[in-house]
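Below: the structure, in structure tokens.
There are 4 protein chains.
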Amino acid sequence: MNIRTLEPRDPNFEARVRDSFARQPMMRLLGAELTRVLPGLTEIILPFRGDLTQQHGYLHAAAVAAIADSACGYAALTLMEPGQEVLSVEFKVNLIAPAVGERFVALGRVLRSGRTLTVCAADVHAEQSGSGKLIAAMQATMIASTFPSHRTGFVAS
Amino acid sequence: MNIRTLEPRDPNFEARVRDSFARQPMMRLLGAELTRVLPGLTEIILPFRGDLTQQHGYLHAAAVAAIADSACGYAALTLMEPGQEVLSVEFKVNLIAPAVGERFVALGRVLRSGRTLTVCAADVHAEQSGSGKLIAAMQATMIASTFPSHRTGFVAS
Amino acid sequence: MNIRTLEPRDPNFEARVRDSFARQPMMRLLGAELTRVLPGLTEIILPFRGDLTQQHGYLHAAAVAAIADSACGYAALTLMEPGQEVLSVEFKVNLIAPAVGERFVALGRVLRSGRTLTVCAADVHAEQSGSGKLIAAMQATMIASTFPSHRTGFVAS
Amino acid sequence: MNIRTLEPRDPNFEARVRDSFARQPMMRLLGAELTRVLPGLTEIILPFRGDLTQQHGYLHAAAVAAIADSACGYAALTLMEPGQEVLSVEFKVNLIAPAVGERFVALGRVLRSGRTLTVCAADVHAEQSGSGKLIAAMQATMIASTFPSHRTGFVAS
Chain A
25 MNIRTLEPRD PNFEARVRDS FARQPMMRLL GAELTRVLPG LTEIILPFRG
75 DLTQQHGYLH AAAVAAIADS ACGYAALTLM EPGQEVLSVE FKVNLIAPAV
125 GERFVALGRV LRSGRTLTVC AADVHAEQSG SGKLIAAMQA TMIASTFPSH
175 RTGFVAS
Chain B
25 MNIRTLEPRD PNFEARVRDS FARQPMMRLL GAELTRVLPG LTEIILPFRG
75 DLTQQHGYLH AAAVAAIADS ACGYAALTLM EPGQEVLSVE FKVNLIAPAV
125 GERFVALGRV LRSGRTLTVC AADVHAEQSG SGKLIAAMQA TMIASTFPSH
175 RTGFVAS
Chain C
25 MNIRTLEPRD PNFEARVRDS FARQPMMRLL GAELTRVLPG LTEIILPFRG
75 DLTQQHGYLH AAAVAAIADS ACGYAALTLM EPGQEVLSVE FKVNLIAPAV
125 GERFVALGRV LRSGRTLTVC AADVHAEQSG SGKLIAAMQA TMIASTFPSH
175 RTGFVAS
Chain D
25 MNIRTLEPRD PNFEARVRDS FARQPMMRLL GAELTRVLPG LTEIILPFRG
75 DLTQQHGYLH AAAVAAIADS ACGYAALTLM EPGQEVLSVE FKVNLIAPAV
125 GERFVALGRV LRSGRTLTVC AADVHAEQSG SGKLIAAMQA TMIASTFPSH
175 RTGFVAS
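Chains as they are written, first to last, in my numbering: chain A, 25 to 181; chain B, 25 to 181; chain C, 25 to 181; chain D, 25 to 181.
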């Protein structure tokens with residue numbers, strides 16, 4: 025899919041995405057920043073911090089997954105209808121190399137944007153002394169929901 | 025596999041797992057506790073906290089994934105050789121219901137323990153007023169490594 | 025979730041599932057049989073055949089995935105509304121041990137049945153001389169659709 | 025990663041990959057052809073056939089997964105040492121659009137080639153009347169093994 029030709033359904037998509045990101049306490053706790061917001065694509069940057077590490081001093085896999093999942097979710101949201109919110113249905117991440125670096129850059133992109141479901145992918149690069157290295161790849165499914173009805177989106181009957 | 029019959033290769037497995045968990049700054053940041061450590065099975069509990077939420081006030085998917093991944097990894101480590109460490113190769117999580125609750129309980133178990141790779145699964149339940157609800161399921165691959173050689177485990181040539 | 029208490033929305037669920045399975049040419053090509061159909065649970069059996077193998081003579085991962093995916097999909101369908109069909113959104117399979125055996129048994133079960141999405145898991149065991157061994161585990165997302173509208177389910181408007 | 029600069033460890037990689045593919049009865053059963061074999065990249069083409077479909081007449085998800093998994097596995101094998109074989113550890117596939125077309129093209133590529141594990145991704149496009157459409161995306165982990173020792177690769181000692 026040529027995501028550059030995608031027309032957002034909501035002309036106000038960037039403000040909506042940035043507003044949603046700003047209301048995520050978990051992103052603040054991690055210190056993640058939403059940098060780029062384009063139709064079908066977002067970038068999230070996480071500076072290294074000692075309290076985000078695992079037992080060997082690498083960035084914890086959960087922090088890697090956190091920014092990749094958010095980059096996927098917000099890439100999906102850029103293409104959703106006004107008034108819709110985004111929730112993660114599932115994601116899978118391959119941790120490709122040790123997460124060693126000064127900062128970590130997650131780039132999320134939409135593979136397919138549907139009325140209900142959006143399929144996304146994200147790469148995470150570790151940056152050190154100006155050079156980058158791929159450390160993780162994610163494939164994820166996102167769902168559009170209208171709060172608060174999504175509370176029961178998965179509930180039987 | 026009947027995990028109750030699994031013989032740990034390291035009689036000191038519980039202390040080794042608890043020590044490794046204690047050296048994870050990310051788990052401290054989240055406030056996660058390692059409660060049960062049995063051969064091929066671990067339990068991690070995460071009390072709800074407002075700074076771990078996403079934009080709707082639910083526990084963030086990244087926090088859900090964090091405890092599920094750690095429960096898988098430490099379940100794998102209970103069955104590894106003395107001196108080995110565990111790293112996540114990949115994990116996939118389905119977010120089954122909104123993460124609403126007072127605390128979240130991840131139960132990780134080993135499906136298959138090999139010399140190099142271990143396949144694990146984890147369930148996460150949200151507990152509220154004494155009742156529990158399944159909110160997430162994970163399937164993960166872990167790798168045994170001997171620090172620091174695992175730094176280059178994925179490096180070509 | 026206690027799937028034994030699940031009430032099918034369609035009293036005719038078993039016939040509907042068996043009829044759908046019978047209309048899958050791919051299952052016939054592989055020689056797979058749908059054996060058990062219960063609310064939220066199905067079993068598919070695949071006898072070993074030389075033309076289903078990979079280069080080492082094991083059952084091919086694609087054949088393992090085929091019966092696991094179908095067991096998940098039909099488990100989901102047992103709980104869907106009359107008139108709905110099921111499509112796979114995504115699945116992830118861990119190939120836990122070499123697929124060596126006389127026949128392969130996939131057991132699919134519903135973890136959560138929602139109006140739109142159903143989350144399922146499946147195990148595949150290889151049976152040889154009366155004993156079974158876990159060879160694969162799957163986690164999958166299924167979607168309910170009303171043919172032919174699902175043709176455009178993923179299409180951006 | 026710029027896969028064009030990858031140096032195969034085995035100058036004879038193409039013949040080794042083509043020979044392994046030719047020894048896969050399952051690929052013959054499906055009618056799949058291995059078309060391109062480059063360092064870190066392979067292409068597999070599957071012509072549509074009525075006996076490869078599911079209940080709506082689309083190509084079955086298992087056939088889609090079969091060619092994506094094989095494209096990943098053989099992409100991994102192009103970069104492995106002489107004498108090594110490849111086995112799938114796990115794969116996850118998102119089925120992005122209905123698999124309707126005259127033929128299906130899976131392109132597998134290596135994201136990271138390690139001594140033991142290789143991380144790969146594959147896209148599958150459906151081709152109809154000369155135009156192509158993305159219908160599936162896979163992320164997979166492959167393992168290098170030396171037959172027959174890999175038979176016990178996952179077995180606990």
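Glycine included, each C-beta is placed from N, C-alpha and C at the ideal position.
Values in this document were obtained by computation on a predicted structure and should not be read as measured data.
Whose Cβ in chain A lies nearer than 8 Å to the Cβ of residue i?
{"i": "residue 40 of chain B", "result": "Residues of chain A passing the Cβ test: none, with the nearest at roughly 11 Å."}
{"i": "residue 72 of chain B", "result": "Simply none; closest approach about 12 Å."}
{"i": "residue 143 of chain D", "result": "118, 120 and 161"}
{"i": "residue 59 of chain C", "result": "Here the premise fails: no neighbours, minimum Cβ distance about 25 Å."}
So, for residue i: in the same chain, excluding its five sequence neighbours on each side, which residues have a beta-carbon less than 8 Å away from its beta-carbon?
{"i": "residue 134 of chain D", "result": "25, 27, 30, 64, 65, 99, 100, 102, 103, 142, 143 and 144"}
{"i": "residue 178 of chain C", "result": "Annotation note: pLDDT 39 at residue 178 of chain C (below 50); position unreliable, no value reported."}
{"i": "residue 170 of chain A", "result": "107, 108 and 109"}
Going along chain B in order, which residues have a C-beta closer than 9 Å to the C-beta of residue i?
{"i": "residue 75 of chain A", "result": "49, 50, 52 and 53"}
Kindly list, in the order they appear in chain A, the residues whose Cβ is closer than 7 Å to that of residue i.
{"i": "residue 165 of chain D", "result": "118"}
I want to verify the contact list: residues of chain D whose CB lies under 7 Å from the CB of residue i, in sequence order.
{"i": "residue 78 of chain C", "result": "48 and 50"}
Residue i touches chain A at which residues, Cβ-Cβ below 9 Å?
{"i": "residue 90 of chain B", "result": "84, 85, 86, 87, 89 and 90"}
Quick check: is any heavy atom of the ligand PLP less than 7 Å from the C-beta of residue i?
{"i": "residue 147 of chain B", "result": "Among the components of this structure there are no ligands whatsoever, and the ligand PLP is therefore not found."}
For residue i and residue j, I'd like the C-alpha separation in whole angstroms.
{"i": "residue 123 of chain B", "j": "residue 49 of chain A", "result": "15 Å"}
{"i": "residue 80 of chain C", "j": "residue 55 of chain D", "result": "19 Å"}
{"i": "residue 110 of chain B", "j": "residue 75 of chain D", "result": "44 Å"}
{"i": "residue 52 of chain D", "j": "residue 86 of chain A", "result": "42 Å"}
{"i": "residue 37 of chain D", "j": "residue 116 of chain C", "result": "29 Å"}
{"i": "residue 174 of chain D", "j": "residue 107 of chain D", "result": "Because residue 174 of chain D sits at a pLDDT of 46, beneath the cut-off of 50, its placement in the model cannot be relied upon, and the following sentence gives the value as read from the coordinates. Using only the alpha carbons, I get a separation of about 13 Å."}
{"i": "residue 148 of chain A", "j": "residue 155 of chain A", "result": "13 Å"}
{"i": "residue 138 of chain C", "j": "residue 167 of chain A", "result": "13 Å"}
{"i": "residue 47 of chain D", "j": "residue 35 of chain D", "result": "21 Å"}
{"i": "residue 93 of chain A", "j": "residue 93 of chain B", "result": "15 Å"}
What does a CB cutoff of less than 7 Å around residue i pick up in its chain, not counting 5 residues either side in sequence?
{"i": "residue 95 of chain D", "result": "66, 67, 68, 130, 131, 132 and 146"}
{"i": "residue 120 of chain A", "result": "158, 159, 160 and 161"}
{"i": "residue 45 of chain D", "result": "51, 58 and 98"}
{"i": "residue 73 of chain B", "result": "55"}
{"i": "residue 165 of chain D", "result": "113, 114, 141 and 143"}
{"i": "residue 83 of chain C", "result": "72, 76, 77, 123 and 128"}
{"i": "residue 70 of chain B", "result": "54, 55, 56, 87, 91, 127 and 128"}
Look at the Cβ atom of residue i, then the Cβ atom of residue j, and state whether they are nearer than 8 Å.
{"i": "residue 105 of chain C", "j": "residue 33 of chain C", "result": "yes"}
{"i": "residue 150 of chain A", "j": "residue 125 of chain A", "result": "yes"}
{"i": "residue 163 of chain C", "j": "residue 152 of chain B", "result": "no"}
Using a cut-off of 7 Å between C-beta atoms, extract the partners of residue i located in chain C.
{"i": "residue 100 of chain B", "result": "Per Cβ cutoff of 7 Å: no residues; residue 100 of chain B is ~13 Å from chain C at best."}
{"i": "residue 93 of chain D", "result": "85 and 86"}
{"i": "residue 170 of chain A", "result": "Result: empty, since nearest Cβ-Cβ is about 13 Å, beyond 7 Å."}
Cutting at 6 Å between CB atoms, please list the residues of its own chain near residue i, excluding the five before and the five after it.
{"i": "residue 118 of chain A", "result": "161"}
{"i": "residue 180 of chain C", "result": "Reliability of the predicted coordinates at residue 180 of chain C is poor, the pLDDT of 29 falling under 50, and the value obtained from them is presented with this limitation in mind. Here the set comprises nothing."}
{"i": "residue 61 of chain A", "result": "38 and 41"}
Taking residue i as the query, report the chain C residues whose CB atoms sit under 8 Å from its CB, ordered along the chain.
{"i": "residue 24 of chain D", "result": "It is not possible to answer for residue 24 of chain D, since the shown part of chain D is limited to 25 through 181."}
So residue i contacts chain B; which residues on that side make the cut at Cβ distance below 7 Å?
{"i": "residue 66 of chain D", "result": "Result: empty, since nearest Cβ-Cβ is about 17 Å, beyond 7 Å."}
List the residues of chain D that residue i touches, going by C-beta distances under 8 Å, in chain order.
{"i": "residue 113 of chain C", "result": "118 and 119"}
What does residue i reach in chain C if we use C-beta pairs closer than 9 Å?
{"i": "residue 153 of chain D", "result": "By Cβ distance, chain C contributes nothing, its closest Cβ being about 17 Å from residue 153 of chain D, past 9 Å."}
Any chance you could list the alpha helix (DSSP H) runs of at least 4 consecutive residues sitting entirely within the region 30-65 of chain C, in chain order? 37-46 and 49-54
Complete runs of the alpha helix (DSSP H) confined to the region 64-145 of chain C [at least 4 residues]: The region 64-145 of chain C is shown to contain whole alpha helix (DSSP H) runs of 4 or more residues at 85-101, in chain order.
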